[in-house]
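Each residue of the sequence shown is one higher than the one before, starting from 14 at the first, in our numbering.
Here's the structure, in structure tokens; my notes come after.
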Amino acid sequence: PSPDNTPAPTEPVPTLSPTTDVEYQRLNAIALETEQLSGGSDAFSDPASPQSAARTWIGQIDALKLDASDDTFAQRYSLAALYFSTDANSVAAAAAFSSRSLAGPSEWKECGAATTAGGEEDAAAPSSGPPCDKEEGRWLSSSSECEWFGVGCENGMVTSLSLRDNGLSGELVPELARLESMRVLTLSRNSLRGAVPKALGDAASLRQLNLARNKLTGTVPTELGRLQDLILLAVGNNDMSGTVPPEIFNPTMQYLDFGDNNFYGTLPAEAMTSISKGLIKVDLTDNDLTGSIPSDLGQISELAWIKFSNNRFTGELRSSTFGPKLETFDVEINELNGTIPEGMFDNSPLLTQLNLGKNGLSGTVSDRFGELTELEGLLLYLNRFTGTVPSSIGELSELVAFDVGYNELGGTVTAEVCSLTQAEGGALEHLASDCKGRDGSTPLVQCDCCTHCYEGYDR
Numbered sequence: 014p015s016p017d018n019t020p021a022p023t024e025p026v027p028t029l030s031p032t033t034d035v036e037y038q039r040l041n042a043i044a045l046e047t048e049q050l051s052g053g054s055d056a057f058s059d060p061a062s063p064q065s066a067a068r069t070w071i072g073q074i075d076a077l078k079l080d081a082s083d084d085t086f087a088q089r090y091s092l093a094a095l096y097f098s099t100d101a102n103s104v105a106a107a108a109a110f111s112s113r114s115l116a117g118p119s120e121w122k123e124c125g126a127a128t129t130a131g132g133e134e135d136a137a138a139p140s141s142g143p144p145c146d147k148e149e150g151r152w153l154s155s156s157s158e159c160e161w162f163g164v165g166c167e168n169g170m171v172t173s174l175s176l177r178d179n180g181l182s183g184e185l186v187p188e189l190a191r192l193e194s195m196r197v198l199t200l201s202r203n204s205l206r207g208a209v210p211k212a213l214g215d216a217a218s219l220r221q222l223n224l225a226r227n228k229l230t231g232t233v234p235t236e237l238g239r240l241q242d243l244i245l246l247a248v249g250n251n252d253m254s255g256t257v258p259p260e261i262f263n264p265t266m267q268y269l270d271f272g273d274n275n276f277y278g279t280l281p282a283e284a285m286t287s288i289s290k291g292l293i294k295v296d297l298t299d300n301d302l303t304g305s306i307p308s309d310l311g312q313i314s315e316l317a318w319i320k321f322s323n324n325r326f327t328g329e330l331r332s333s334t335f336g337p338k339l340e341t342f343d344v345e346i347n348e349l350n351g352t353i354p355e356g357m358f359d360n361s362p363l364l365t366q367l368n369l370g371k372n373g374l375s376g377t378v379s380d381r382f383g384e385l386t387e388l389e390g391l392l393l394y395l396n397r398f399t400g401t402v403p404s405s406i407g408e409l410s411e412l413v414a415f416d417v418g419y420n421e422l423g424g425t426v427t428a429e430v431c432s433l434t435q436a437e438g439g440a441l442e443h444l445a446s447d448c449k450g451r452d453g454s455t456p457l458v459q460c461d462c463c464t465h466c467y468e469g470y471d472r
């Protein structure tokens, strides 16, 4: 052919396909290993799944070029799967990987992957992505995953993962359980949705699991009961439901946060009090729990913090509910009745916050409240207490809030109590009673120093 018809030489077309038998064997081994790590081939049936994206990245894009047999392969793959599942822009672009460019920008607040991430050309390519103190800290960078933001390691193995308030969305991936040395997992204050993976029950080293303040749904997996070293379990401020499973109460449990969800049913009292004897804080606030408050909570000698407010608990409070280390007892907005047990004053001298408001409690406001000298908050409003406000309240020099509004009290708030107010140089900021007459009538309670006066019940 004439020179004018001779085809011009062309550059090789870039490809992510394997170019050698060795590379083919490597990628085949990676395919088999990732199927093993992700529980079968179904996870890869969708090319846009986080697992598919993580497999493509670690096999064909990541500059480290790990083999499936490398010691850190499982944790690097698992972290990549988490990233693709929790960064909306990245997972949306995960299907193709037709080039080494990750579509972005990342929605993570800090250290999400750069638009160009993990490839050999990283050093020469400009990085674009969320702020990050150091480029090695970016997720999917070519550095060790131990240098990625929020990842903690010992001897090269991941022991902690903390991405609190970092803009994560999407769902948790079961591959987190493959981080076999991980002791701490903190993903609170994000926008994660979906269910808590049952597979997390296989993360045998886990001691702290904090998923609070997300948009999680579903129930608490009973499989978490297999985590025999778990100290902290926090799923508060989500949209979860179901009952509180007895399986989660193990001998090591100290901190339990189930508050502000949709849990219902009764508490597994026996498991709670006879197995988890090291409990320190329990928050079940803002749910739909019913039945009685476990009467043996006082047997948990280290229990310092009980928050059961805004549920539908019924029955009476028992002296045995109160233990020696108890500092906060909050059962506001329930359906409790009966009187304040005398044993509370003997059993819990360290109380600083006592909130019994908005129940159906009756009897008198005991003169023994003056013995609880650590009290800072005493809220007894919206009950059926009778008698008068005891002058012994004036012995509570640390008191900041005292509310006995909307009861059936009478008499006068004494000078001893008034001496606690800020106007008299004390700490008391909020002092409330039924000291406002209804339609100009005489107030039910005489109080010259109250900061808030209510009309009280129409008698």
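Glycine is no exception: its CB is placed at the ideal position from the N, C-alpha and C atoms.
Computed from a predicted structure; not experimentally measured.
Give the straight-line distance between the Cα atoms of residue i and residue j, rounded to the nearest whole angstrom.
i: G54; j: E160; result: The identity of residue 54 in the sequence shown is Ser, whereas the question assumes Gly. Whole-angstrom Cα-Cα distance: 30 Å.
i: N300; j: L245; result: 20 Å
i: E123; j: L457; result: 58 Å
i: S410; j: N168; result: 52 Å
i: T28; j: L213; result: Note that T28 scores a pLDDT of 45, beneath 50, so its modelled location is shaky and nothing firm can be said.
i: L219; j: A190; result: 9 Å
i: L310; j: L433; result: 32 Å
i: R89; j: E158; result: 6 Å
i: A130; j: S254; result: Note on A130: pLDDT 47, under 50, position unreliable in the model; no value is reported.
i: C460; j: R397; result: 19 Å
i: D471; j: R451; result: 8 Å
i: S58; j: E48; result: 11 Å
i: G231; j: L222; result: 17 Å
i: R68; j: P143; result: 24 Å
i: T85; j: T286; result: 41 Å
i: Y419; j: S375; result: 12 Å
i: L269; j: V426; result: 39 Å
i: C448; j: L292; result: 41 Å
i: W318; j: P264; result: 18 Å
i: A87; j: L444; result: 59 Å
i: K228; j: L174; result: 19 Å
i: S204; j: D178; result: 9 Å
i: P139; j: Q73; result: Low per-residue confidence applies at P139: pLDDT is 43, beneath 50, and the placement is therefore not dependable, though the value from the model is reported in the following sentence. Distance between the alpha carbons of P139 and Q73 is about 20 Å.
i: L243; j: D273; result: 21 Å
i: G249; j: T455; result: 45 Å
i: C463; j: V295; result: 33 Å
Quick check: residue i and residue j, are their CB atoms within less than 7 Å of each other?
i: F97; j: A76; result: no
i: G163; j: E120; result: no
i: S201; j: R239; result: no
i: E387; j: L363; result: yes
i: F415; j: L395; result: no
i: A126; j: L95; result: no
i: I261; j: L280; result: no
i: G278; j: T298; result: no
i: V413; j: A440; result: yes
i: S305; j: G328; result: yes
i: I71; j: A93; result: yes
i: V209; j: L192; result: no
i: I346; j: S322; result: yes
i: P307; j: A282; result: yes
With a 10 Å radius around its C-beta and 16 neighbouring C-beta atoms as the bar for buried, classify residue i as buried or exposed.
i: P60; result: exposed
i: D100; result: buried
i: Q366; result: buried
i: A247; result: buried
i: L385; result: buried
i: V35; result: exposed
i: Y37; result: exposed
i: R325; result: exposed
i: Q64; result: buried
i: L422; result: buried
i: S361; result: buried
i: P187; result: buried
i: K320; result: buried
i: A216; result: buried
i: L224; result: buried
i: G453; result: exposed
i: G52; result: exposed
i: D146; result: exposed
i: G373; result: exposed
i: Q435; result: exposed
i: T352; result: exposed
Between the options, which has its C-alpha nearest residue i's C-alpha?
i: G165; options: G183, R196, E340; result: R196
i: V430; options: E442, E408, H443, G424; result: E408
i: L45; options: S308, T33, I74, D80; result: D80
i: G400; options: L393, G424, G249; result: G424
i: K371; options: G356, I353, F358, V344; result: V344
i: G356; options: E437, N350, E340, L330; result: L330
i: N102; options: S156, L50, S182; result: S182
Segment contact, 8 Å Cβ cut-off, at least three pairs: the stretch 396–404 with the stretch 365–381: Result yes; three or more Cβ-Cβ pairs closer than 8 Å.
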